[in-house]
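Which chain is which? The protein sequence lines are A and B, in order. Numbered according to the numbering used here, the first sequence spans residues 2 to 112. Numbered according to the numbering used here, the second sequence spans residues 351 to 466. Ideal placement from N, C-alpha and C gives every residue a C-beta, glycine not left out. First the structure, in the form of structure tokens, and then the observations on it.
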Amino acid sequence: SQKIEQNSEALNIQEGKTATLTCNYTNYSPAYLQWYRQDPGRGPVFLLLIRENEKEKRKERLKVTFDTTLKQSLFHITASQPADSATYLCALRGSWGKLQFGAGTQVVVTP
Amino acid sequence: GAVVSQHPSWVICKSGTSVKIECRSLDFQATTMFWYRQFPKQSLMLMATSNEGSKATYEQGVEKDKFLINHASLTLSTLTVTSAHPEDSSFYICSASRGGGQDEQYFGPGTRLTVT
């Protein structure tokens with residue numbers, strides 16, 4: 002069955018450091034992968050989309066890599082700030098074209 | 351642009367009553383809208399997909415007679431939870447897509463439903 006795995010343990014990081022999150026998937030052949038941010042009690046907010054033929058994508062302090070051989074995406078937040086504290090979700094388009102989400106990894110940035 | 355709103359943001363209802371949740375795309379036309387539910391510490395689970403003017407397509411295990419979805423216009427979709435029970439208490443989130451090959455989904459802020 003198709004599965005998306007994200008680290009369920011919260012990532013605690015000091016302000017200014019780089020946070021790195023992992024998204025592993027099985028039984029997908031995705032054309033692209035998406036990352037979202039979700040704050041408590043709020044809907045997800047789209048951050049980045051990376052296509053299968055792109056190794057890396059950047060947006061301001063965010064960087065995403067996509068390794069279709071390893072079936073893995075890494076999401077980096079550089080120079081992290083307390084305002085970056087949230088849960089980050091990866092999402093893939095699965096069978097029948099439906100967008101499917103991982104459970105997310107919570108990031109806590111302390112001053 | 352691409353703002354999606356939901357109303358209400360939270361609702362408490364008694365067991366056996368019905369609750370309607372609205373999802374609106376404020377500044378674009380949404381060919382397709384999606385309804386998700388999310389339990390604490392869990393991922394979003396797709397409940398159904400609706401295209402304007404068509405019947406919604408429900409995911410396996412989602413009761414279509416319990417979760418009524420209407421997508422009457424390109425900017426409005428509604429989800430009605432009929433005869434709600436405490437186990438229906440959850441966070442319901444809608445999203446909207448412009449369609450036409452544009453796959454990005456824009457999410458609403460969610461509605462917290464508590465059934466007592």
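Check: What first and last residue would you give for the beta strand (DSSP E) that runs through A104/A?; Outcome: Here A104/A belongs to no beta strand (DSSP E), and DSSP marks it neither H nor E.
Check: Mind pulling the chain A residues with CB within less than 9 angstroms of R462/B?; Outcome: G42
Check: Under a CB-based cut-off of 7 angstroms, is F378/B close to chain A?; Outcome: no
Check: Using a Cβ-Cβ cut-off of less than 9 angstroms, list which residues of the stretch 8-24 of chain A approach chain B; keep chain order.; Outcome: S9
Check: Closer than 8 angstroms between beta carbons: that is the criterion. Which residues of the stretch 85-107 of chain A meet it against chain B?; Outcome: L90, R94, K99, L100, Q101, F102, G103, A104 and G105
Check: So, is L396/B buried or exposed, given that buried needs 16 or more other C-beta atoms within 10 angstroms?; Outcome: buried
Check: Find the nearest neighbour of S81/A within the set L49/A, F102/A, S9/A and V108/A, judged by alpha-carbon distance.; Outcome: V108/A
Check: Going by C-alpha distance, which of P436/B, I419/B, K370/B and C363/B is nearest T399/B?; Outcome: I419/B
Check: What three-state label does DSSP hand E437/B in the structure shown?; Outcome: helix
Check: Kindly indicate the opening and closing residues of the beta strand (DSSP E) around A20/A.; Outcome: A20 to T27
Check: Taking 7 angstroms as the threshold (beta carbon to beta carbon), is S393/B in contact with chain A?; Outcome: yes
Check: From S439/B to V361/B, what distance separates their C-alpha atoms?; Outcome: 10 angstroms
Check: Measuring CB to CB, does Y37/A end up less than 7 angstroms from L50/A?; Outcome: no
Check: Which two residues bound the contiguous beta strand (DSSP E) that contains S81/A?; Outcome: Premise fails: S81/A is in no beta strand (DSSP E) and is neither H nor E.
Check: Is E61/A close to the ligand MG? I mean its beta-carbon at under 6 angstroms from any heavy atom of the ligand.; Outcome: This structure simply doesn't include the ligand MG, nor any ligand for that matter.
Check: Could one say the Cβ of P45/A lies closer than 7 angstroms to chain B's Cβ atoms, at least one of them?; Outcome: yes
Check: To which residues of the same chain is A104/A closer than 7 angstroms at the C-beta, ignoring the five residues directly before and after it?; Outcome: Q7 and S9
Check: With a threshold of 7 angstroms between beta-carbons, can F457/B be considered close to chain A, or not?; Outcome: yes
Check: Taking only the alpha-carbon atoms, compute the straight-line gap between I443/B and R462/B and give it to the nearest angstrom.; Outcome: 9 angstroms
Check: At which residue ranges does the stretch 4-66 of chain A contain complete beta strand (DSSP E) runs of 3 or more residues, listed in the order of the chain?; Outcome: 4-7, 12-15, 20-27, 33-39, 46-52 and 57-60
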